[in-house]
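Residue numbers (the numbering used here), protein chains in the order written: chain A, -11 to 166; chain B, -11 to 166. Virtual Cβ for every residue (Gly too), placed ideally from N, Cα, C. Since we're looking at a predicted model, the values are computed, not measured. Shown next, in structure tokens, is the structure this report addresses.
There are 2 protein chains.
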Amino acid sequence: MSTGDAKRQALVIVFTGHGKGKTTAALGVILRAWGRGMRVAVLQFMKARTSNYGEERAAKKLGIEMIPLGEGFTWRSEDIEKDKAAARECWELARQKIDSGQYDIVVLDEMAYPLSYGWIPVEEVVDALRRRPKGLHVIITGRDAPQELIDFADLVTEMREVKHPYRKGIKAQPGIDF
Amino acid sequence: MSTGDAKRQALVIVFTGHGKGKTTAALGVILRAWGRGMRVAVLQFMKARTSNYGEERAAKKLGIEMIPLGEGFTWRSEDIEKDKAAARECWELARQKIDSGQYDIVVLDEMAYPLSYGWIPVEEVVDALRRRPKGLHVIITGRDAPQELIDFADLVTEMREVKHPYRKGIKAQPGIDF
Chain A
-11 MSTGDAKRQA LVIVFTGHGK GKTTAALGVI LRAWGRGMRV AVLQFMKART SNYGEERAAK
49 KLGIEMIPLG EGFTWRSEDI EKDKAAAREC WELARQKIDS GQYDIVVLDE MAYPLSYGWI
109 PVEEVVDALR RRPKGLHVII TGRDAPQELI DFADLVTEMR EVKHPYRKGI KAQPGIDF
Chain B
-11 MSTGDAKRQA LVIVFTGHGK GKTTAALGVI LRAWGRGMRV AVLQFMKART SNYGEERAAK
49 KLGIEMIPLG EGFTWRSEDI EKDKAAAREC WELARQKIDS GQYDIVVLDE MAYPLSYGWI
109 PVEEVVDALR RRPKGLHVII TGRDAPQELI DFADLVTEMR EVKHPYRKGI KAQPGIDF
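Put into structure tokens, the structure is as follows:
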């Protein structure tokens, strides 16, 4: 993007909070961006490599790069050191994508979890965001985003749970939840 | 959808609040649903018929029915009676879409505005939702969703503004905001 275009400014966006809609909002941005022919990468920190959710099916059809990195590592506490190492490895890949200069938008889906656990140092992330290629939007989702990240971000929305169907015993719905 | 499938249950979803991400989250659901081959209609209560935003370009390419209904009628107060009539007309079309049985998901984007203004009676909307075809998910977005709608809905998230780039003087960004 040209530096002369005053209207264009790359944003760091954080969707956090305990309500539904964080990843979903990131997917909505992707749809818009795809509609405009922008180059998008989505790194999914919590999605198993074997999953085949609605968003993955859509991404495949649309030619959007969507990379499921994790095996839900933050839910498995049998071997925390292994989980920490996995989180670091995911972050290294994310940093490569950010630095590559090949994208208009990079989504770090559910990265707030390993950040809030301290498995990925937030200073490192903020530093990488600060040095990122000009014009690159970065979206980070997940509960409990650390304050340092919120302080650095341009746009932060907290998705607050008002009502959740799981509380009524309704299961996650295909096409809606995944 | 078969009534015997206990896992499937149609939801009424409300994305409300003053933060960014309401329409965007609805678009994310659409992307997932499209990935699964579901039938989706999006009625945009506040989008001008002449607009050509990222989501509209994407919808056109994907074959998703996206209908911009309004001309931003709630922002023009020169002739409130005319705006009210326009809102009613939009709601009639929305009700036809809901009743048609031709969709898996109907999105009523930014309908919370005319509802909160009292231009569309909320009892009528809740009644139409209650009688809707089995298996139809309905998503309603917009600030200040009325309490009656929240009471009836299955899933409600409030998008709370923590930080907004407009406050720093940053303009809306193509691919991100529209």
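Around the beta carbon of glycine 7 of chain A, 16 or more other beta carbons sit within 10 angstroms, so the residue counts as buried. One Cα belongs to lysine 85 of chain A, the other to alanine 14 of chain B, and the distance between them is close to 27 Å. Separation of aspartate 92 of chain B and arginine 119 of chain A (C-alpha to C-alpha, rounded to the nearest whole angstrom) is 44 Å.
Contacts with chain A at 8 Å (Cβ-Cβ) include arginine 148 of chain B. For the region 152 to 164 of chain A, residues whose beta-carbon sits nearer than 8 Å to a beta-carbon of chain B comprise His152, Pro153, Lys156, Ile158, Lys159, Gln161, Pro162, Gly163 and Ile164. Sequence-distant partners of arginine 27 of chain B (beyond 5 residues in either direction) whose C-beta falls short of 6 Å from its own C-beta, in its chain, are Tyr91 and Asp92.
When C-beta distances to chain A are compared with 9 Å, the residues of the region -1 to 21 of chain B below that value are Leu(-1), Ile1, Val2, Phe3, Thr4, Gly5, Gly7, Lys8, Gly9, Lys10, Thr11, Thr12, Ala13, Ala14, Leu15, Gly16, Val17, Ile18, Leu19, Arg20 and Ala21, in chain order.
Chain B places a beta carbon closer than 8 Å to that of threonine 145 of chain A, counting this residue as a contact.
Residue-level contact check: glutamine 90 of chain B does not touch chain A, since none of the beta carbons of chain A fall below 8 Å from its beta carbon.
For lysine 151 of chain A, the three-state secondary structure derived from DSSP is strand. Identification of chain A residues near aspartate 142 of chain B by a Cβ-Cβ cut-off of 9 Å yields Lys151, His152, Pro153, Lys156 and Ile158, ordered along the chain. Between the region 129 to 148 of chain A and the region 95 to 110 of chain B there are fewer than three inter-stretch CB-CB distances shorter than 8 Å, so the stretches are not counted as touching. Alanine 100 of chain B has a beta carbon lying at 8 Å or more from every beta carbon in chain A.
Take glutamate 111 of chain B, set aside five residues on each side of it, and the residues of its chain with a beta-carbon closer than 8 Å to its own are Glu136, in chain order. Against glutamine -3 of chain A, the close residues of chain B are Pro153, Ile158, Lys159 and Gln161, in the order they occur along the chain (beta-carbon pairs closer than 8 Å).
Boundaries of the beta strand (DSSP E) harbouring aspartate 97 of chain A: 93 to 97, taken from the DSSP string. Just so you know, the alpha carbons of glycine 42 of chain B and glutamate 69 of chain A end up roughly 43 Å apart. For the 8 Å CB-CB criterion, valine 30 of chain B and glutamate 53 of chain B form a contact. Not a single CB atom of chain B sits nearer than 8 Å to the CB of arginine 27 of chain A.
Secondary structure at threonine 38 of chain A: coil, using DSSP grouped into helix, strand and coil. Under the DSSP assignment, proline 56 of chain B falls in the beta strand (DSSP E) whose first and last residues are 53 to 56. Here the alpha carbon of aspartate 87 of chain A sits roughly 22 Å from the alpha carbon of lysine 72 of chain A. Of all residues in the region 68 to 87 of chain A, none places a beta-carbon less than 9 Å from a beta-carbon of chain B. Considering only beta carbons, the part of the region 38 to 57 of chain B lying closer than 9 Å to chain A consists of Tyr41, Gly42, Glu43, Glu44, Arg45, Ala46, Ala47, Lys48, Lys49 and Leu50, in chain order. Interface residue (Cβ-Cβ distance to chain A less than 8 Å): glycine 23 of chain B is classified as such. Per DSSP, phenylalanine 140 of chain B lies in no beta strand (DSSP E); the unbroken alpha helix (DSSP H) holding it starts and ends at 135 to 140. DSSP places alanine 160 of chain B outside both helix and strand once states are collapsed to three, so it counts as coil. Following the DSSP letters along the chain, one finds leucine 81 of chain B in no beta strand (DSSP E) but inside the alpha helix (DSSP H) bounded by residues 68 to 87. Ranked by Cα distance from glutamine 32 of chain B, the options B/Ala75, B/Leu124 and B/Arg155 are led by B/Ala75. Excluding sequence positions up to five before and after tryptophan 22 of chain B, its CB lies within less than 8 Å of the CB of Val28, Leu50 and Ile52, all in the same chain and listed in chain order. In the three-state reduction of the DSSP assignment, isoleucine 18 of chain A falls in the helix class, which pools H, G and I. In the three-state reduction of the DSSP assignment, leucine 143 of chain A falls in the strand class, which pools E and B. In this chain, alanine -2 of chain B is not harboured by any beta strand (DSSP E), its DSSP state being neither H nor E. Just measuring C-alpha positions, the residue of A/Leu96, A/Gly25, A/His125 and A/Ile128 sitting nearest proline 56 of chain A is A/Leu96. For alanine 116 of chain B, same chain residues with a beta-carbon under 7 Å away, outside a window of 5 residues either side, are Arg83 and Ile86 in chain order. Counting C-beta atoms within 10 angstroms of its own C-beta, alanine 160 of chain B has fewer than 16 neighbours from the protein chains shown and is therefore classed as exposed.
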